[in-house]
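Take 2 as the starting number for the sequence shown in the numbering used here and just add one per residue.
What follows is one structure encoded as structure tokens, with my remarks underneath.
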Amino acid sequence: MSRQPITPEDGKLYEFTPTLEPAVTVDSGESLTVETLDSLEGAIRSDSDRLESIPDEVNAATGPIAVEGAEPGDVLAVDIEAIRLVEDAGRVVTVDGFGLLDGHDDIEAPRSRMTPVDGDAGTITFGDIDVAIDPCIGTIGVATRDDEPGYSTLVPHDHGGNLDTTDITAGNTVYFPVFQPGGLLAMGDCKAAMADGEMCGTGSEIATEIDLTVEVIEQPDFTLERPLVETADAWKPLASAETLEEACELANRDAIALLRNEHDLSGTEAYMLSSLVGGLEISQVVDPLVTVRNAVPKAHCGGPFQ
Ligand code: CA
């Protein structure tokens, strides 16, 4: 199967807005290979390189990719088939003013550590410690709602953006609400490995090639408010907000909506069921809005787009 290549030379953005101009237009059902830059665009190439502050432009997202026929009210499904590392090392950094333990006396910032890739072993190395390669896409999203000013690629929200979610990885599908014609998908900020929470503010930031297939789901009965990830065994709405509590409330609402779409339950009954199965997971706590997901097991939810 031939794949259309899309590179940062075709287009890249640093802000998701309601009025993005497509870099390329593809058909629904088309398979693509999207090249992404490392989130710091080569600023860190050795342990002695330091990032004094977060750049104004960070997390370059390749695109935007318009998908023919996508209209507001549709859902854009992005099936991630593979993420290949295309650098021989990633990098993990601390930056002053960023990260969960920012300002703590015993945490040094800025600091950088290159994480060389050993493709044969399937690992990156942090000093003499091997870490399994497990790539994910940090920033992925679509054009925002008409009534929103836009969000920099450092911020996650209902359009996606800087979600930094380990489940946005090969084998999984991410669903986005379409707010603007074409959807206007863009992505970048990939990691060779990242822990849930992304505590120090980065994963192992690295350039990649992503194989994916895009598909428009036309006007589903289910109203998708925010990004949703389908894994092998669960549906996971992704909610971003200023506090963990707010994000958890949104993700609980989303889980209730999924359960009520499937079962004949009152809101209270679905709320109670959501407290019994699956549950909340932390995506990231640093971006500066935080992102959580709420796993609804497929054993209890066949999915909202059937
Ligand atoms: Ca990120």
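Quick reminder that beta carbons are idealized off the backbone N, C-alpha and C, glycines included.
Of all alpha-carbon atoms in Gly189, Glu36, Asp255 and Ala196, the one lying nearest the alpha-carbon of Arg227 is that of Asp255. Of the candidates Arg261, Asp212, Tyr176 and Pro238, the residue whose Cα lies closest to the Cα of Ala83 is Asp212. In the DSSP assignment, Cys249 falls within the unbroken alpha helix (DSSP H) covering Leu245 to Glu263. Taken from the Cβ of Asn253, every heavy atom of ligand 1 lies 8 Å or farther away.
Take the alpha-carbon of Leu229 and the one of Leu281: they are about 14 Å apart.
Annotation for Glu282: the continuous beta strand (DSSP E) segment containing it runs Gly280 to Gln285.
Looking from the CA of Tyr15, the closest CA among Leu21, Val215 and Ala62 belongs to Ala62. When rounded, the separation of the alpha-carbon atoms in Glu31 and Glu216 is 7 Å.
Phe180 sits away from Val156, with the two beta carbons spaced by 9 Å or more.
In the DSSP assignment, Leu274 falls within the alpha helix (DSSP H) that extends over Gly268 to Ser275. Assignment of Val59 by DSSP, reduced to helix, strand and coil, places it in the coil class. In the same chain as Glu42, and ignoring 5 residues on each side of it, the C-beta atoms closer than 7 Å to its own belong to Ala61, in chain order. Measuring C-alpha to C-alpha distances from Leu77 to each of Asp168, Glu109, Ile141 and Pro6 identifies Ile141 as the nearest. Rounded to whole angstroms, the separation of the alpha carbons of Gly268 and Ile257 is 7 Å. The region 149-167 and the region 184-200 touch, with no fewer than 3 CB-CB distances between them shorter than 8 Å. Runs of beta strand (DSSP E) with 3 or more residues, each lying fully within the region 100-176, are found at 112-119, 124-127, 130-133, 137-142 and 161-163, listed in chain order.
Pairing Phe306 with Ala240, the inter-Cα distance amounts to about 19 Å. Counting only runs that start and end inside the region 13-43, the beta strand (DSSP E) elements of at least 3 residues fall at 25-27 and 32-37.
The closest CA to that of Thr95, considering only Phe17, Ile138, Cys137 and Val287, is found on Val287. Note that the C-beta distance between Gly139 and Ser40 is below 9 Å.
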